[in-house]
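Read the structure below first, then the notes.
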Amino acid sequence: MSESSFDYFSEIKERVPCNACGERKAVILARRSKNNLPVITNLCPRCGLIYISPRMTQAGYARYYDFFYRADRSAIKGKKEDGEHLNFARAAQFGRALARGLHNFFLPGLVIDVGSSTGGVLNGVREEIPGVELLGIEPSKAESSFAISRGIRTIQGLFEDVRSQELPRAGTILCVQTFNHLLDPRSFLYWAFDHLESDGHLVLAVKNFRHQVRRAGRIDAGVQIDHPFMCTPEVLKRFVESAGFKMVYLDVDEGKSASALMRQKQEGLSIHHIRLVAARAHDIRNETVMIPLSWWERARMRFSFHPVIVYINYLFLYSYRTRLIRRLFHV
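Last residue of the sequence shown? That's 336 in my numbering, and every number before it is there in order.
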């Protein structure tokens, strides 16, 4: 099969409930994706998770990553995707920056990266923390093959297809810029708990959907078919804690000054993400139902995603039209 043989419109779609709390009712936020595909984006009224439904099946997503992912990413970005070598180099810079900033949370031993792409992040971590073992899990055949060619042990396949394999416990599990891509993030969190050493850490870098749409001024600008689930910082924290973890570090780009974000970008980190580190709260996983939002939190979240409010935030905080005003007031 070639890239041109993948057809999103002919793929079977399935309806899914909220993955965090199981709620089936939803508030529709958008009906199109960033590249104008018919995609319904839902906000869970109970816990605040944002997700696509209906969406492609697991088999459909496997075909997407095998044959169409790169073409779709190019269409979304409006330019040709970086080649493997440039992807690897940029990811390695990110990995080095992440390892420097979170050095105390990396234990000796195995580091697993779920959604490891070309292996650059793992390579960067190894450069900063020599002696760690590396293992990547990556759905793209091309990117996993490149990682293997660079000496990064990689299992090719969707996480949902790989999670049943026997794998050793890890001191650190990474899921950086991948959590949004998972079809069942709750199962991933359970898997991560079960595969971490007792004193190990889970490291997440997740796109902040609210920050993303405010920077663009439109909700559909944050919608991609390869992001079945999306989060805000407060929802991500509760989601992780409901799977038996306790949060030990949280860094949110939203609200930082332009100069702080520029320094961060120069170091190699992304600039519209949530970086969260969690440890196991107990030796045995204690699954809890995700705490519902209060009526005030629900109202505030609904308000924050109203199209007019999204655009107003864009206009006053991110638009080039108001750049001079922001500089004058040091915003």
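Where is the CB? At the ideal position from N, CA and C, for every residue including glycine.
Discussion item. Assuming contact is defined by CB atoms lying nearer than 8 Å, are R158 and G136 in contact in what I supplied?
Written reply: Judged by beta-carbon spacing, G136 lies beyond the 8 Å limit of R158, meaning their Cβ atoms are not closer than that value.
Item to complete: Work out the CA separation of R215 and L320 for me, nearest whole Å.
Response: Distance between the alpha carbons of L320 and R215 is about 15 Å.
Fill in: Short Cβ contact (8 Å threshold) for L54 with V208
no
Practice prompt. Starting from the C-beta of E8, find all residues in its chain whose C-beta is less than 6 Å away, skip the five residues before and the five after it, and write them out in chain order.
Written response: Reliability of the predicted coordinates at E8 is poor, the pLDDT of 46 falling under 50, and no value is obtained from them.
Discussion item. With distance defined between alpha-carbon atoms, name the residue in T123, I117, E148, S122 nearest to E138.
Written reply: I117
Worksheet entry | Coarse secondary structure for A345, derived from DSSP in three states | Nothing can be reported for residue 345: it is not among the residues displayed for the chain, which extend from 6 to 336.
Practice prompt. Output the boundary residues of the alpha helix (DSSP H) element that contains N92.
Written response: 89 to 106
Item to complete: Starting from R285, follow its DSSP beta bridges and name the residues at the other end.
Response: F250
Worksheet item: Taking just the CA atoms, how far does L188 sit from F14?
Response: Rounded to the nearest angstrom, the two C-alpha atoms are 19 Å apart.
Discussion item. For R60, list the residues DSSP reports as bridge partners.
Written reply: E19
Worksheet item: Excluding five sequence neighbours on each side, which residues of the same chain lie with their C-beta closer than 8 Å to the C-beta of I296?
Response: C52, R243, S247
Discussion item. Going by beta-carbon coordinates alone, are S38 and V228 separated by less than 8 Å?
Written reply: yes
Fill in: Check whether A102 and E272 have beta carbons under 8 Å apart
yes
Practice prompt. Would you tell me roughly how many angstroms separate the C-alpha atoms of Y56 and C236, rounded to the nearest one?
Written response: 9 Å
Worksheet entry | Secondary structure, beta strand (DSSP E): runs of 3+ residues fully inside the stretch 265 to 321 | 278 to 285
Discussion item. Suppose the cutoff is 8 Å on Cβ atoms and the five residues either side in sequence are ignored; what does the same chain contact list for M252 look like?
Written reply: K242, V245, E246, L281, V282, A283
Worksheet entry | R305 versus P50, P144, L107, residue with shortest Cα-Cα distance | P50
Fill in: Per DSSP, the bridge partner or partners of L209
C180, L281
Item to complete: Let me know the secondary structure DSSP gives D204 once reduced to three states.
Response: strand
Discussion item. I'd like the list of long-range same chain contacts for G249, defined as Cβ closer than 6 Å, with 5 residues on each side in sequence excluded.
Written reply: Correct list, in chain order: F198, A286, R290, N291.
Worksheet item: Going by DSSP, what residues sit across from A175 in a beta bridge?
Response: L201
Worksheet entry | Pick from M61, R155, V32, K146 that is closest to G162, judged by C-alpha positions | K146
Discussion item. Here's the rule: buried if 16 or more other CB atoms are within 10 angstroms of the residue's CB, otherwise exposed. What is P4?
Written reply: Past the boundaries of the shown model lies residue 4; the chain is included only from 6 to 336, so the question cannot be answered.
Worksheet item: G205: which of K261, P238, S150, H108 sits nearest, CA to CA?
Response: H108
Worksheet item: How many angstroms separate the CA atom of T327 from the CA atom of R219?
Response: 14 Å
Worksheet item: Between which two residues does the beta strand (DSSP E) harbouring I224 extend?
Response: Element bounds for I224: n/a, residue is neither H nor E.
Worksheet item: Comparing alpha-carbon positions, which option in Y316, D231, D288 lies nearest I224?
Response: That would be Y316, whose Cα lies nearest to the Cα of I224.
Practice prompt. Check E143 in the structure and name its three-state DSSP category.
Written response: Residue state, collapsed to three classes: strand.
Discussion item. Could you tell me the alpha carbon to alpha carbon distance between P43 and L194, rounded to whole angstroms?
Written reply: Counting only the Cα atoms, L194 lies some 29 Å from P43.
Worksheet entry | DSSP beta-bridge partners of D118 | G141, L179
Discussion item. Mapping the DSSP letters down to three states, classify S7 as helix, strand or coil.
Written reply: Bear in mind that a pLDDT of 46 at S7, under 50, signals an unreliable position, so the number given afterwards is only what the model happens to contain. In the structure shown, S7 sits in coil (DSSP, three-state: anything other than H, G, I, E or B).
Worksheet entry | Nonlocal neighbours in the same chain, by C-beta distance under 8 Å from I230, ignoring five residues either side | Y13, S38, L42, V44, I57, R60, M61, Y69, D77
Worksheet item: How about H232: is its Cβ closer than 7 Å to a heavy atom in the ligand NAP?
Response: With respect to small molecules bound, the structure shown includes none, and the ligand NAP cannot be examined in it.
Worksheet item: What residue from K18, A31, V21 has the CA that sits closest to R307's CA?
Response: A31
Fill in: When N24, P312, A226 are compared against N40, the one with the closest alpha-carbon
A226
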